[in-house]
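Q:
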Amino acid sequence: MNASLVARARAGDGAAFGALVERYRRELYVHCYRMLGSVQDAEDVLQETLTAAWRGLDGFAGRSSVRTWLYRIATNRCLNAARDASRRPVTVFPPDVTPPEPTRLAEPLWLQPVPDALVETREAVSLAFITAVQLMPAKQRAVLVLRDVLGFRAAEVADLLDTTEDAVNAALKRARSVLPAPPAAGPGTPREQAAAGRFAEAIERGDVDAVVALLTDDAWLTMPPAPHQYQGRMAIADFLRRVGFRNGRRYRLLPVGANGQPAFGAYIQEGDDPAWHAHGLIVVTVTGDEVSAFTRFMDNAVLPWFDLPSRIDGEPLGRH
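With my numbering, letter number 22 in the sequence shown gets 23, and the count goes up by one each step, no holes.
1) Taking Cβ to Cβ, would you say G281 is nearer than 8 Å to D300?
2) Tell me the start and end of each unbroken alpha helix (DSSP H) in the segment 37 to 68 that is at least 4 residues and wholly inside, in chain order.
3) Check whether the Cβ atoms of A302 and Q41 lie closer than 8 Å to each other.
4) In the DSSP output, which residue or residues are listed as bridge partners for H229?
5) What is the residue span of the alpha helix (DSSP H) that P191 lies within?
6) Just to confirm before moving on: does the CB-CB distance between L309 and L254 stay below 8 Å?
7) So, is T122 buried or exposed, given that buried needs 16 or more other C-beta atoms within 10 angstroms?
8) Just to confirm my understanding: we take A211, look at its own chain, exclude 5 residues before and 5 after, and list those with CB closer than 6 Å. What are they?
9) Could you have a look at F265 and say whether DSSP puts it in helix, strand or coil?
10) Going by DSSP, what residue range makes up the alpha helix (DSSP H) through R175?
11) Hey, is F94's beta-carbon within less than 8 Å of any beta-carbon in chain E?
12) Between F200, V134, L161, which lies nearest to P181 when the distance is taken from Cα to Cα?
13) Name the two residues that bound the continuous alpha helix (DSSP H) containing R234.
14) Evaluate M224 with the Cβ neighbour count: other Cβ atoms within 10 Å of its Cβ, from every protein chain shown; 16 or more gives buried, anything less gives exposed.
15) Between the segment 286 to 294 and the segment 147 to 154, do at least 3 Cβ pairs fall closer than 8 Å?
16) Take the Cβ of F200 as the centre, count every other Cβ of all protein chains shown within 10 Å, and call the residue buried at 16 or more, exposed below.
17) Could you check whether A264 and V285 sit closer than 8 Å to each other, using their CB atoms as the reference points?
18) For D219, is the classification buried or exposed, using 16 other Cβ atoms within 10 angstroms of its Cβ as the cut-off for buried?
19) Note down the Cα distance separating S127 from S39, rounded to an integer number of angstroms.
20) Span of the beta strand (DSSP E) holding A279?
21) Name the residue from R11, C33, N3, L37 whose alpha carbon lies nearest to the alpha carbon of R24.
22) Which residues in the same chain as L241 place their Cβ atom closer than 7 Å to its Cβ, once the five residues preceding and following it in sequence are excluded?
23) Per DSSP, W221 is paired with what?
24) For the putative contact between H20 and L6, defined by C-beta atoms under 8 Å, what is the C-beta separation to the nearest angstrom?
25) Would the beta-carbon of L80 fall within 8 Å of that of A139?
26) If you draw a straight line from the alpha carbon of M137 to that of D314, how long is it in whole angstroms?
27) According to DSSP, is Q135 helix, strand or coil?
28) Please list, in chain order, all residues of the same chain as P103 whose beta carbon is under 7 Å from its beta carbon, the five residues on each side excluded.
29) Between V120 and V31, which are expected to be in contact by the criterion C-beta below 8 Å, what is the C-beta distance as a whole number of angstroms?
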């Protein structure tokens, strides 16, 4: 069937080309997201990949499957995009905000959460995994994703990346050594959702003590791309009081799912303004009945991917 579609597509049949690549569109998108950590960049590179495939059909000799050929194009486009992304300017905090001394200053990292509707497996898109992958050299992350997530053989990866099997195996060993442990619970379990719900309720009440009481002793607060990271209840409480809830700021959180984890669209209300204005997204990591990490994304550009509005007039709908 593929041979027939390839022949028709080479003859200029756009519908045949669409049928040829459509079955791979979703997995290619997720691959690009794992490689780049950005929903928008993943979409852009996916479109570039399909355009390049359409234009390069004459160069497809059939020695590999169509799927492998598409992954070759997508992976190399991702490697190019990763180099460009490393030159992005990083905005940290507004000029009028002075955050407390962080526990750790990490490498600035451009990262966006992905809606659960666009991905399938938790372990390969959890924020801990995506973050760790983004911190790897680009070719090393490509090897890890192609070998351990997608199951390509070492020889296939070497061919895809124009390198040797020895280089692939060495890169894979280095990549595996820095990977975090996979999440302990399955996505969306009632226990996990209940813990995240208690956390959201405490945020909405503006009760910092209640928030930190729900955290593990070694919990982390991160805010990519800001390098500031805070660990432990005292450090996180200090940040929330001095920055998160400054000037009497109030929050409403609307539940969504991101990276196979509980997440909330964040909305703030300040002063006498009755409207709640979008203020990014919070993704929560739950361990047992406690929150072991929460990641604050302050970029509103991702909200349309989650079908979240830019503002809510008056009281928003409750979370129950």
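Here a beta-carbon is modelled for each residue, glycine too, at the ideal position from N, C-alpha and C.
A: Put simply:
1) In the sequence shown, residue 281 corresponds to position 280, counting from 1. In the sequence shown, residue 300 corresponds to position 299, counting from 1. Result yes, Cβ atoms of G281 and D300 sit closer than 8 Å.
2) 40 to 56
3) Here residue 302 refers to the residue found at position 301 when the sequence shown is read from its first residue. Here residue 41 refers to the residue found at position 40 when the sequence shown is read from its first residue. Yes, the Cβ-Cβ distance between A302 and Q41 is below 8 Å.
4) Here residue 229 corresponds to residue number 228 of the sequence shown, with the count starting at 1. Per DSSP, L106.
5) If you number the sequence shown from 1, residue 191 lands on position 190. Segment 191 to 206, the alpha helix (DSSP H) holding P191.
6) Counting from 1 along the sequence shown, the entry for residue 309 is found at position 308. Counting from 1 along the sequence shown, the entry for residue 254 is found at position 253. No, Cβ-Cβ distance for L309 and L254 is not below 8 Å.
7) By one-based count along the sequence shown, residue 122 stands at place 121. So T122 ends up on the exposed side.
8) One-based indexing of the sequence shown puts residue 211 at position 210. Same-chain partners within the cutoff: A203.
9) Residue 265 sits at position 264 when you count from the first residue of the sequence shown. Residue state, collapsed to three classes: strand.
10) If you number the sequence shown from 1, residue 175 lands on position 174. Unbroken alpha helix (DSSP H) run through R175: 166 to 178.
11) No chain E is part of this structure, which consists of one protein chain only.
12) Numbered from 1 along the sequence shown, position 180 holds the residue referred to as residue 181. For P181, the nearest C-alpha among the options comes from V134.
13) On the sequence shown, position 233 is the one that residue 234 refers to. Where R234 is concerned, the enclosing alpha helix (DSSP H) stretches over 234 to 240.
14) Indexing the sequence shown from 1 puts residue 224 at position 223. Buried, by the Cβ-count rule.
15) no
16) What you label residue 200 is simply residue 199 of the sequence shown in a count that begins at 1. Classification for F200: buried.
17) Reading the sequence shown from its first residue, position 284 is the one you call residue 285. Reading the sequence shown from its first residue, position 263 is the one you call residue 264. A contact, by the Cβ cut-off of 8 Å.
18) What you label residue 219 is simply residue 218 of the sequence shown in a count that begins at 1. Its Cβ having fewer than 16 others within 10 Å, D219 is exposed.
19) Residue numbering aside, residue 127 sits at position 126 when the sequence shown is read from its first letter. Residue numbering aside, residue 39 sits at position 38 when the sequence shown is read from its first letter. Between S127 and S39, the C-alpha separation is close to 13 Å.
20) In the sequence shown, the residue the question calls residue 279 occupies position 278. 277 to 288 is the span of the beta strand (DSSP E), which, as asked, contains A279.
21) Counting from one through the sequence shown, the residue named residue 24 turns up at place 23. If we check each option's Cα against that of R24, N3 comes out closest.
22) Reading the sequence shown from its first residue, position 240 is the one you call residue 241. Once the five neighbours on either side are set aside, the close Cβ partners of L241 are V209, V212.
23) Taking the sequence shown and counting its residues from 1, the one referred to as residue 221 is at position 220. In the DSSP output, where bridge partners are listed per residue, W221 has Q232, A294.
24) Here residue 20 is taken as the residue at index 19 of the sequence shown, counted from 1. Here residue 6 is taken as the residue at index 5 of the sequence shown, counted from 1. Checking the sequence shown, residue 20 turns out to be Ala, not His. Contact flag correct, Cβ pair sits at about 6 Å.
25) In the sequence shown, the residue the question calls residue 80 occupies position 79. In the sequence shown, the residue the question calls residue 139 occupies position 138. Yes; because the gap between Cβ atoms is below 8 Å, this pair is in contact.
26) Reading the sequence shown from its first residue, position 136 is the one you call residue 137. Reading the sequence shown from its first residue, position 313 is the one you call residue 314. If you take the alpha carbons of M137 and D314, they lie about 43 Å apart.
27) Within the sequence shown, residue 135 is the residue found at index 134, counting from 1. Helix at Q135.
28) Here the question's residue 103 lines up with position 102 in the sequence shown. Taken in chain order, the residues that qualify are H229, Q230, Y231.
29) Taking the sequence shown and counting its residues from 1, the one referred to as residue 120 is at position 119. Taking the sequence shown and counting its residues from 1, the one referred to as residue 31 is at position 30. With a Cβ gap of about 5 Å, V120 and V31 count as contacting.
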